[in-house]
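Per the numbering used here: the sequence shown = residues 544 to 635. By construction, the Cβ of each residue, glycine as well, lies at the ideal position given by its N, Cα and C atoms. Taking it in order: structure first as structure tokens, then the write-up.
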Amino acid sequence: GLAFGAILPTMQTWMFNSVESKKSRLASATYYNFYDIGIGAGAVLLGYMVEISGFFLMFRVAALFVVLYLVIYMGYILKQRRAESSHTGNER
């Protein structure tokens, strides 16, 4: 509930800060298209998984995706911080 409601504006802000202002419309359209595809595909695939093996495996797979995305995000942040620190180190 609360986290799901907070993630949309957070991701949207992150997205807008990541692109040039003239590309913000394209970024917004791409974001919402993939968001909708993810919601639809996730519902279908996880629903199919429930039919095949039950809720236990479905929740495990969903948790695995959360962990996977956290690892990818942390890798992105670490890479970005290293790039920023190397740029500031060269200016001295």
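(request) Enumerate in chain order the residues of its own chain whose CB-to-CB distance from Val587 is below 6 angstroms, with the five nearest sequence positions on each side excluded. (result) none
(request) Check each candidate in Trp557, Leu545 and Ala570 and name the one with the smallest Cα separation from Tyr616. (result) Trp557
(message) Less than 8 angstroms between the beta carbons of Val562 and Ala549, yes or no?
(response) no
(request) Would you please state the rounded distance, in angstroms, between the beta carbons of Val604 and Met592? I believe it to be under 8 angstroms. (result) 6 angstroms
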